[in-house]
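Below is one structure; the comments refer to it alone.
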Amino acid sequence: MKNRLWILLASMGCILWGCAVSGPKFIDIRYPGTDEAVLSETMAPGKIQPGKIGIALFEDRRKDMDEGYVGYRLLLDKSQETYFVQGMDLADTLTKIVHTYSSQKEWSPSFISPWDLTPEGTTAAVKGYQRILSGTINQFECRANKKAGRTDMILDIDLTFYLGSSDKPGLSVIPTTLTLERTELTFTREKLENFVNQALEEVIQKALAF
């Protein structure tokens with residue numbers, strides 16, 4: 001009876017105090033409109049496309065970080081929740097997000113093999129694309145701190161985009177950095193997802209305004 005009472009009180013304490021469980025968590029990072037209906041409409045037969053773009057897998061150049069790592073939340077007891085992207089590969093996720101963005105801009109995107117991110121490398125890349133695109137992840141981390149009555153979040157994104165053409169030499173290097181802060185009275189995985197996805201949308205739209 002005492003054991004049951006203790007369990008009941010512990011459960012009520014979690015409800016009243018917003019009890020959080022430390023350990024790995026997973027979030028879904030995507031570009032708005034990645035549902036199949038939007039993509040089908042964008043790529044429908046007869047849709048006018050301004051050109052072909054080849055997108056190579058991004059490189060994750062963050063040091064001492066797991067390739068799926070996104071960030072953490074420090075809890076009141078000093079333990080922490082660690083957040084990873086679904087699929088455990090942030091570079092692959094960002095590559096697919098840029099593919100979706102290109103589709104929505106009415107380009108005809110395809111995935112291509114990696115190419116040397118130099119002006120000379122563009123001429124050695126697969127031919128037949130008006131544009132070829134890749135990128136590097138230099139920094140990507142959300143640091144959250146749970147405090148009494150709120151959670152403070154800081155998101156740092158540092159990406160470099162490389163844009164060229166496989167049919168002629170030349171390369172545009174587009175460095176993009178963004179730091180955002182947000183406070184949530186009640187923290188949820190969905191709110192973290194929205195925070196990260198909205199920031200990525202802003203970064204991509206500013207960097208790739210073609």
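Under this note's numbering, the residues of the sequence shown are numbered 1 to 210, in order. Note that beta-carbon positions come from the ideal geometry of N, C-alpha and C, so glycine has one too.
Problem set entry | Extent of the continuous alpha helix (DSSP H) to which L75 belongs | Following the DSSP letters along the chain, one finds L75 in no alpha helix (DSSP H), marked with neither H nor E.
For this session: Would you kindly work out how many angstroms separate the C-alpha atoms of L52 and L180, rounded to a whole number?
Result: Correcting the residue type first, residue 52 is Lys in the shown sequence and not Leu. Near 33 Å, if we compare the C-alpha coordinates of L180 and K52.
For this session: Please confirm whether K147 and E81 have their CB atoms less than 8 Å apart.
Result: In this structure, the beta-carbon distance from K147 to E81 does not fall below 8 Å.
For this session: Tell me, please, which residues DSSP counts as bridged to F26.
Result: F84
Problem set entry | G54 - DSSP class collapsed to helix/strand/coil | Three-state result, G54: strand.
Exercise. Is the region 64-73 close to the region 82-95, with three or more CB pairs under 8 Å?
Worked result: yes
Exercise. Which residues bound the beta strand (DSSP E) around T136?
Worked result: 131-147
Exercise. Are the region 193-204 and the region 92-110 touching by the rule of at least three beta carbon pairs closer than 8 Å?
Worked result: yes
Problem set entry | Sheet register partners of Y69 (DSSP bridge) | Answer is F84, bridged to Y69.
For this session: Tell me, to the nearest whole angstrom, how far the beta carbon of T136 is from that of E59; I am working on the premise that it is less than 8 Å.
Result: 5 Å
For this session: Just the C-alpha distance for L185 and A91, rounded to the nearest angstrom, thanks.
Result: 31 Å
For this session: Report the three-state DSSP secondary structure of V126 (helix, strand or coil).
Result: coil
Exercise. Which residue or residues does DSSP assign as beta-bridge partners of F161?
Worked result: Paired residues: G135, I174.
For this session: Excluding the 5 residues preceding and the 5 following S110 in the sequence, name in chain order all residues of the same chain whose CB lies nearer than 6 Å to its CB.
Result: G54
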